[in-house]
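Here the structure is laid out as structure tokens; the discussion comes afterwards.
In our numbering, the protein residues as written are 802 to 1153.
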């Protein structure tokens, strides 16, 4: 039986919104909004060896709030930023300079690196469009593709190449309020399509994906039915006056083949009624993966085994609601980090 002992530390980080782990540099990269007039937006580099060693990087004017932050998986010390200032930016964490900036037609809500090629990047826009970029072509995007809906794309995950697809084809999974969408690039001009197994579950608010196993967990909350029978989903991070817990669900999918999905199960979940929380899947390699999400009523970090979705452990979160969560097995010991309001919690894992 696998037993994981989590050792908890926490640190106050004012104005933190999102973060990612740069395992090769042993640092956290944190998107923050500084208090005061104007609310300056910065990136903060925090050492994982000495967490009180921090370095603030002022973002260029016009960047506005960062909506997504991804460190390159290629270990090239680059971070990708999607912002409401209609920009997709690439930051060098060695020089602390923005080395590339792409102007976008709409505010960016999400971004991702390509897992199969370190040159390719993606941005999900507020109007449901997805843009494809190649770092070697700085003048313009490679492609601008309209999605099946005009809902904001709040999450993007690159998928490892599948042998059932032609060579050179890249696949993305994205999430908006209506559910999951698959995008294929580099082959025939195939339109993006909604994954039918995620329809009719409510409003999709989170998407977690494990590249090595192709496990996918999408989180839903109920739709709000208005008097005119129009279903409305609220995206804005409204203050806690409205941010209450309600019952939703986690839905587990498995990708089978190139374009097919199988629903493996679902579980009840206590979710936020307005926010878009982050979730993650911990790849334990020699053991079953664990799905990690926040419980909006008990204020705990919940770990569920896959594929059973059985609750394995509950870790106490000092504050709520959960904003972001990340896991890295490239560090020793393995590290699970979660951000709740202005508090970062570090859980280092010991296996027995």
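A virtual CB, placed ideally from N, CA and C, is assigned to each residue, including glycine.
As the structure is a prediction and not an experimental result, all values here were calculated from the model.
- From the listed residues 1045, 934, 856, the smallest Cα separation to residue 896 is found for 856.
- Taking the CA atoms as reference points, residue 1127 sits about 31 Å from residue 992.
- For residue 905, the CB contacts under 7 Å within the same chain, skipping 5 residues up- and downstream, are 887, 888, 889, 924, 926, 932 in chain order.
- Judged by beta-carbon spacing, residue 1129 lies within the 8 Å limit of residue 824, meaning their Cβ atoms are closer than that value.
- Of the other Cβ atoms in all chains shown, 16 or more fall within 10 Å of the Cβ of residue 980; this residue is therefore buried.
- Ranked by Cα distance from residue 878, the first of 934, 1067, 914 is 914.
- Relative to the Cα of residue 1121, the nearest Cα in the group 1146, 1107, 1066, 1133 belongs to 1146.
- The secondary-structure analysis by DSSP pairs residue 1069 across a beta bridge with 1050.
- Taking all protein chains in view, the Cβ of residue 997 is surrounded by fewer than 16 other Cβ atoms within 10 Å, so the residue is classified as exposed.
- In summary, residue 833 is buried, with 16 or more beta-carbon neighbours lying within 10 Å of its beta-carbon over all protein chains present.
- Within the same chain, 1101 come within 7 Å of residue 1117 by CB-CB distance, once the 5 residues on both sides are set aside.
- Assignment of beta-bridge partners to residue 980 by DSSP yields 977.
- Judged by DSSP in its simplified three-state form, residue 972 adopts strand.
- Sorting 875, 928, 962, 986 by C-alpha distance to the C-alpha of residue 977 places 928 at the top.
- In this structure, the straight-line span from the alpha carbon of residue 822 to that of residue 870 is close to 10 Å.
- Apart from sequence neighbours up to five positions away, the residues of its chain that approach residue 920 with a beta-carbon distance below 6 Å are 935, 936, 937, ordered along the chain.
- Each of 975, 1049, 1066 was checked against the Cα of residue 1098, and the nearest Cα belongs to 1049.
- DSSP places residue 864 in the coil class of the three-state scheme, outside both helix and strand.
- For residue 958, the enclosing beta strand (DSSP E) begins and ends at 956-960.
- By the C-beta density criterion, residue 842 is buried, having at least 16 other C-beta atoms within 10 angstroms.
- For the segment 831-892, the continuous beta strand (DSSP E) assignments of 3+ residues that do not extend past its boundaries occur at 842-848, 855-859, 867-872, 879-884, in sequence order.
- Scanning its chain for C-beta atoms nearer than 8 Å, with the 5 sequence neighbours on each side dropped, one finds around residue 951 the residues 928, 929, in chain order.
- Just so you know, the alpha carbons of residue 1123 and residue 810 end up roughly 16 Å apart.
- As the crow flies, the alpha-carbon of residue 883 is around 15 Å from that of residue 1125.
- Look at residue 999 here: in three-state DSSP terms it is helix.
- Per the C-alpha coordinates, the member of 1095, 892, 875 positioned closest to residue 831 is 892.
- The alpha-carbon separation between residue 945 and residue 1114 amounts to approximately 42 Å.
- In the DSSP assignment, residue 1097 falls outside any beta strand (DSSP E) and carries neither an H nor an E.
- For residue 957, same chain residues with a beta-carbon under 7 Å away, outside a window of 5 residues either side, are 911, 912, 913, 923, 925, 973, 975 in chain order.
- Judged by DSSP in its simplified three-state form, residue 1076 adopts coil rather than helix or strand.
- In the structure shown, residue 1111 falls within a coil segment according to DSSP collapsed to helix, strand and coil.
- With contacts defined as CB atoms closer than 8 Å, residue 1051 and residue 1067 qualify as a contacting pair.
- Beta-bridge annotation (DSSP): residue 1106 is paired with 1091.
- Residue 1093 and residue 902 have their C-alpha atoms some 32 Å from each other.
- Inter-residue distance for residue 943 and residue 1112 is about 43 Å (C-alpha atoms, whole angstroms).
- For residue 915, no beta strand (DSSP E) segment is defined, and its DSSP state is neither H nor E.
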